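Visitor: Read left to right, the sequence shown gives residues -17 to -1, 1 to 201 (mature numbering (1 follows the signal peptide of the UniProt record, and there is no 0)).
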Amino acid sequence: MKTVSFVAAAGIGLALAGCGHKAPAPEISAGPAAGTNLPRVADWRQVATDDDRDRIRGWRNSWTAAVAKARAGGRGPAIDALGLLADPDRALDEPTPPPGAYRCRTYKIGANGTAMADFTSYPATECHIENEGEVSSLYNVGGAQRPVGLIFPDTVARAVFLGTLVLGDETKSLQYGKDPRRDMAGYVERIGERRWRLVLPSPRFESLLDIVEITPAR
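1) Below 8 Å on the Cβ atoms is my contact criterion, and I expect PRO130 with MET167 to pass it. Report the Cβ-Cβ distance as a whole number of Å.
2) Are there 16 or more other CB atoms within 10 angstroms of the CB of LEU67, so buried, or fewer, so exposed?
3) To the nearest angstrom, how far is the alpha carbon of GLU10 from that of GLY132?
4) Could you spell out where the beta strand (DSSP E) holding PRO136 opens and where it closes?
5) Which residues bound the alpha helix (DSSP H) around PRO60?
6) Let's see if you can read the secondary structure: which residues bound the beta strand (DSSP E) around SER185?
7) Whose C-beta lies closer than 8 Å to the C-beta of THR185 among residues of the same chain, with five residues either side of it excluded?
8) Any beta-carbon of chain D closer than 7 Å to the one on PRO184?
9) Using the rule of at least 16 other Cβ atoms within 10 Å of the residue's Cβ for burial, across every protein chain shown, is ARG43 buried or exposed?
10) State the DSSP-derived secondary structure class of ALA84, mapped to helix, strand or coil.
11) Pull up the distance between the alpha-carbon of residue 203 and that of ASP33, whole angstroms please.
12) State the beta-bridge partners of VAL171 as determined by DSSP.
13) Using a Cβ-Cβ cutoff of less than 6 Å, which residues in the same chain neighbour HIS119 once the five nearest sequence positions on both sides are dropped?
14) Enumerate in chain order the residues of its own chain whose CB-to-CB distance from VAL50 is below 8 Å, with the five nearest sequence positions on each side excluded.
15) Going straight from the alpha carbon of VAL195 to that of ALA127, what length do you get?
16) Look up ASN44 in the DSSP assignment and say whether it is helix, strand or coil.
17) Count the other CB atoms within 10 Å of the CB of ALA84; is the residue buried (16 or more) or exposed (fewer)?
18) Rounded to whole angstroms, how far is the Cβ of ARG86 from the Cβ of TYR105, which I believe are closer than 8 Å?
19) ALA140 and ASP101: beta carbons closer than 7 Å?
Written out as structure tokens, the structure reads:
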């Protein structure tokens, strides 16, 4: 199994630490990982674990199963209300959001376990996209569950996200590939004017599918 560390882009952590954020920005870079020999690459296939390759490859099955479970549980109207966000085939060109401040809102679809609802929406939280050269970084500043990782170019209408999940009051992200339960894999698409989504098929906790709506903060 490959292990990748998302190490800081110069100045990101220091810049945010002085701005009064509740949690410092996770340190992210596409450069060689501390303690690894991985080169700077734009091909996500050279970075992804086997498990995450499978998750990305099986995205449509995960999407179909999640929506079917939610509808069977009476949450069809909630799915329909998402509109284009819940259209699995909606994908425009230029899939990677430009650098800047954004709002990220997570929708969890299809319960994974008996303790969860079949549809859960969370309030939007602050998130950021940074230019890291051949790739971009995405990190959430607020919320109890915060995706942190890299966005890799893939096709004209899709980019691939690989990262880890930061929980609660944690201030550092785990190394990607170190704990499969915290690894995150999915894809990013543009679905409208200044509107994107991060799709996470088969997440490890709570749901069968996560969709994160990404819109500019201002």
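Ideal Cβ positions, reconstructed from N, Cα and C, are used throughout, including at glycine. This one's a predicted model, so the numbers in the text were calculated from it and none came from an experiment.
Guide: Working from what's here:
1) 5 Å
2) exposed
3) Bear in mind that a pLDDT of 42 at GLU10, under 50, signals an unreliable position, so the model cannot answer this.
4) 128 to 138
5) Here the alpha helix (DSSP H) through PRO60 covers 59 to 64.
6) First-last for SER185: undefined, no H or E at that position.
7) It is worth fixing the name first, because residue 185 is Ser in this sequence and not Thr. Excluding positions up to five away in sequence, the list reads ARG38, GLY41, SER45, LEU191, LEU192.
8) Although the question refers to chain D, the structure presented lacks it and comprises just one protein chain.
9) exposed
10) strand
11) Lying before the first or after the last residue shown, residue 203 is absent from the chain, which here runs from -17 to 201.
12) ALA142, LEU181
13) The sequence as given places Ser at residue 119; His does not occur at that position. Result list for SER119: THR79, ILE112, ILE134, in chain order.
14) These residues qualify, in order along the chain: ILE62, ALA69, ILE92, GLY93, LEU192.
15) 14 Å
16) helix
17) ALA84 counts as exposed, since fewer than 16 other C-beta atoms from the protein chains shown sit within 10 angstroms of its C-beta.
18) Not a contact, Cβ separation roughly 12 Å.
19) no
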